[in-house]
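I have placed the structure first, in the form of structure tokens, so that the comments after it can refer back to it.
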Amino acid sequence: MDLEKVTHNASKFNSIVFENSSLPARALQNLNNLRISEALCDVILVVEKIRIPAHRFWLASCSNYFRAMFTNQMAESRKQEIQMIDIDEFTLQNLVDFCYTGSIRIDDENVYQLLPAACLLQMQEVEEFCCRFLKDQLDITNCLEDIRCRDLLDEAKNALLLPSESSSCSNERLRRRKAPEYEQCFIYAVGGWHSGDAMSNVEKMDVKTGEWTAVRGMEKSRCGVGVGVLKNKLFAVGGHDGQKYLKCVEKYDPIFDLWSSEVAPMSTCRTSVGVAVLDDNLYAVGGQDGVSCLNIVERYDPVRNEWIKVTPMNSRRLGVSVSVLDGCLYAIGGADGQNPLDSVERLDPRNGKWEKVKAMGTTRKHLGSTSLRDFLFAVGGRTDNSELASAEKYDPRMDEWMPIVSLNHRRSGVGLAVVNEENRIYAVGGFDGCNYLKSIEILEECDGLDDLTKSSQWRSAGSMIHRRLGGGVGVWLLLRKRIEMPPKPARGRSRSAGRAPQRTPSPKKRSRKSSPGRKTPTPAAVTARRSRSRSASRPTTPAKTRKASPVRRNPSPVVKRTPSPTGSARPRRAAALVARDHLRGVESSRVLPVKARTAATSTLRDWIPKVNWPRWRYNNRRIQLHLKRNARCYFYFFALVILAITCYYFSHQITKQLTAISKSLSDIYEEQRKRFQVYWEQYLQQKPESPQIKKAPPPRPPPNPHQQNYP
């Protein structure tokens, strides 16, 4: 025992501090004895047929994996026995012994099992020991294997950096990071609840800059609203406006910044509804109508503008979150009206049936969910007592939920959005139990080789303009438009480069020019002769022979052209024709954005050479002749168009007048009917009662003369 005496001269007393350096080791030994005797053990780790007793608090203090499992209110935190997967029994036994003794034996046989198991359980000390052991064991007997692994690493780098080269490395985790295929990407936050009232305002965030700006608000205030993006339109489904539950739907056009209520309403009023898009259809799942929780599922067809009821869920769910993965619709969590749920259902539209999958580790309602890289993510939410910051990831191939890193803040009613091109998940707004939130958190999922070296973390990324709870979140993308530029014309003086195809006179005209005894020259001979004459006039640049163009069946009339003083008129003219056609197509385009259209127009204008157009005068003359011959047809055509427009206008006005007259007649009829009903009721109240008339007794029958008692 080490004793240390510390005397304070300024005070009137002396103090002695005792330090026992052997106490931690003895306490750890006693704790290990308790584990061996299974005393005070509150959890059992089960691997195949081996059961390993342990203490929860000590496993959580030694491993971040167990800390997340036992402190985030997951299902394993309430179980007595925990089934361990992806680890063998001997490796787990060695790691548990290391937690209680602080020592572990590493050799050539178990190092390859200990290293991945330590990475799984997040025990950094064991990871460092294994890596150091592998480094120290390098010698001439195993260095060749390491070189082979180096070749595999080089092969993986080639697969990422040189995708055009042939590579045997093919894996989903080692895919190439591409540049985003969108020109603009915005995340929209729609409606919500704040300060005891529903909200109608909408704001958007530019993913590239991270700035939030306000846009046009909805026509109705909505909290508990479901949001989905279908065909570049944002849909706000259902919700609660602070007084009543809604079944109407609004549609937003981000390009024109306009909200429209032309969408057909749902068949049932609902709030806290889950919305997702699958196969160009919008699905509304669950929710509540103010009386009970719902298991109704409706599908919106944008072509017919109608909602169709499909197969209902197996459980009633409010505050449910809906996501799409591998062509199936997942309904995650929620509440049945009494208790929050941890169950998950999946709808396959091919057979139209709901089936249950593996339940989550924690019960959640008013959570956020999304899908990314073949996984399903469930983030935040609320239990019976408190808000949650934990998150889980679902692997449909293994049918297992796995815990991931928790949020920095507890969030219920959180909106979740994903940008697949950047492998990012955005958690927007929510409620932490005390305050409404406007902060944003981002989870960056690493791909490629980075997954093997670092883990993902949630990080703060600015804040919205307004605080909101239960608002909808949608992602809108504007894809890139590629413009094919015309080929750049040749600047040389060669006549063969960029020359328009030469017209060959018809056989009929050739026969007129040639005499019967004279041999008609072939097109190739004519071309060679012309090239020789041009080369004689221009000694600086030798002429090149070119192939003769095929004879046209319907040649256009031959027009005499004035030879250009410079020898490069025809190539420049042909290039100008091509560039002019592209320019007209770009200027008349209405699909391209304004900036892209302006840039392309200016570029194409620079490509058009300054040339003379000798055929313009001939073309104008031809157009004049055409108009002169067909003037009467054009006159009749425009007259018919004007007559049709006039008839349509007058028929529209007449229809409006008849509609107004019929409406006024129906109003007069209704007014007279109500007035007559009032008069009739007054008449019935004032009508005197009719006196009762006594009926006369029936006449007596005539006497019977044969009766004996006749008087």
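First residue of the sequence shown: 51, per the numbering used here; consecutive thereafter.
Note that beta-carbon positions come from the ideal geometry of N, C-alpha and C, so glycine has one too.
Roughly how many angstroms lie between the CA atoms of residue i and residue j, to the nearest whole one?
i: Gly524; j: Ser153; result: 52 Å
i: Met448; j: Ala89; result: 35 Å
i: Lys406; j: Leu368; result: 17 Å
i: Ala239; j: Arg101; result: 49 Å
i: Gly483; j: Ile66; result: 46 Å
i: Lys678; j: Leu332; result: 57 Å
i: Glu177; j: Leu328; result: 43 Å
i: Ile767; j: Leu693; result: Only positions 51 to 761 of the chain appear in the structure, and residue 767 is not among them; the question remains open.
i: Leu308; j: Lys301; result: 8 Å
i: Gly289; j: Gln338; result: 9 Å
i: Ile305; j: Ala314; result: 22 Å
i: Leu690; j: Arg682; result: 12 Å
i: Glu472; j: Phe236; result: 13 Å
i: His416; j: Lys724; result: 52 Å
i: Asp398; j: Ile490; result: 33 Å
i: Gln143; j: Met363; result: 43 Å
i: Val468; j: Phe427; result: 10 Å
i: Gln552; j: Arg354; result: Confidence in Gln552 is poor, its pLDDT being 46 and thus under 50, which makes the residue's placement too unreliable to answer from.
i: Gln707; j: Lys281; result: 39 Å
i: Gln703; j: Cys697; result: 10 Å
i: Met452; j: Asp158; result: 31 Å
i: Phe183; j: Gln172; result: 18 Å
i: Thr420; j: Ala441; result: 12 Å
i: Tyr699; j: Glu312; result: 26 Å
Assuming residue i is part of the alpha helix (DSSP H), what are its boundary residues?
i: Asp31; result: Residue 31 cannot be examined here, being either before or after the span of the chain that is shown, 51 to 761.
i: Thr121; result: Asn114 to Thr121
i: Val360; result: Neither: Val360 is in no alpha helix (DSSP H) and is coded neither H nor E.
i: Arg396; result: Where Arg396 is concerned, there is no enclosing alpha helix (DSSP H), although the beta strand (DSSP E) it sits in stretches over Val394 to Asp398.
i: Leu466; result: No alpha helix (DSSP H) contains Leu466, which is instead part of the beta strand (DSSP E) from Gly465 to Val469.
i: Pro166; result: Val161 to Leu171
Within the continuous beta strand (DSSP E) that includes residue i, where are the two ends?
i: Met249; result: Asp247 to Asp256
i: Leu375; result: Ser371 to Leu375
i: Asn331; result: Asn331 to Val335
i: Asp717; result: No beta strand (DSSP E) contains Asp717, which is instead part of the alpha helix (DSSP H) from Ala681 to Gln736.
i: Tyr302; result: Val299 to Asp303
i: Asp351; result: Val347 to Asp351
i: Glu442; result: Ala441 to Asp445
i: Gln133; result: Glu131 to Gln133
i: Cys378; result: Cys378 to Ile382
i: Val327; result: Gly324 to Leu328
i: Val277; result: Gly276 to Leu280
i: Glu405; result: Lys403 to Val407
i: Phe179; result: Phe179 -> not in any beta strand (DSSP E); alpha helix (DSSP H) instead, spanning Gln174 to Asp186.
i: Ala264; result: Trp262 to Val265
i: Phe285; result: Lys283 to Val287
i: Ser513; result: Trp508 to Ser513
i: Met452; result: Glu450 to Ile454
Excluding five sequence neighbours on each side, which residues of the same chain lie with their C-beta closer than 7 Å to the C-beta of residue i?
i: Lys610; result: Residue placement at Lys610 cannot be trusted, given a pLDDT of 43 that sits under 50; what the coordinates show is reported in the next sentence. Hits under 7 Å: none found.
i: Gly418; result: Ser371, Val429, Gly430, Val464, Gly465, Leu466 and Ala477
i: Pro103; result: Arg85, Glu88, Cys91 and Ile94
i: Ala326; result: Gly278, Tyr333, Val372, Ser373, Val374 and Leu379
i: Pro613; result: Residue placement at Pro613 is flagged as unreliable, the pLDDT there being 45, under the threshold of 50; a coordinate-derived value is accordingly withheld.
i: Gln507; result: Val455
To which residues of the same chain is residue i closer than 8 Å at the C-beta, ignoring the five residues directly before and after it?
i: Pro748; result: none
i: Cys319; result: Gly288, Lys294, Tyr295, Leu296, Lys297, Asp339 and Gly340
i: Asn389; result: Thr413 and Asp434
What does a CB cutoff of less than 6 Å around residue i pick up in its chain, not counting 5 residues either side in sequence?
i: Phe120; result: Arg106, Ala110 and Ser127
i: Asp392; result: Ala409, Met410 and Thr413
i: Arg474; result: Ile492 and Glu494
i: Gly274; result: Gly289, His290, Thr321, Ser322 and Gly520
i: Val96; result: Glu131 and Gln133
In this structure, what does DSSP give as the bridge partners for residue i?
i: Val313; result: DSSP, once it has assigned bridges, lists no residue as partnering Val313.
i: Asp415; result: Per the sequence shown, the amino acid found at residue 415 is Lys instead of Asp. Note: Lys415 sits in a beta bridge opposite Arg432.
i: Trp526; result: Phe236
i: Cys794; result: Residue 794 lies beyond the stretch modelled for the chain, which goes from 51 to 761, so this question has no answer here.
i: Arg474; result: Val469 and Glu494
i: Thr318; result: DSSP lists no partner for Thr318.
i: Ala110; result: Bridge partners of Ala110: none, in fact.
i: His244; result: Asp247
i: Pro390; result: Ala385
Please check if any C-beta of chain C sits within less than 8 Å of the C-beta of residue i.
i: Gln707; result: Included in the structure is just one protein chain, with no chain C present.
**Q.** Every unbroken beta strand (DSSP E) inside the segment 60–102 [3 residues or more]
**A.** Secondary structure in the segment 60–102: the beta strand (DSSP E) runs of 3 residues or longer, each lying completely within the stretch, are 65–69 and 93–97 in chain order.
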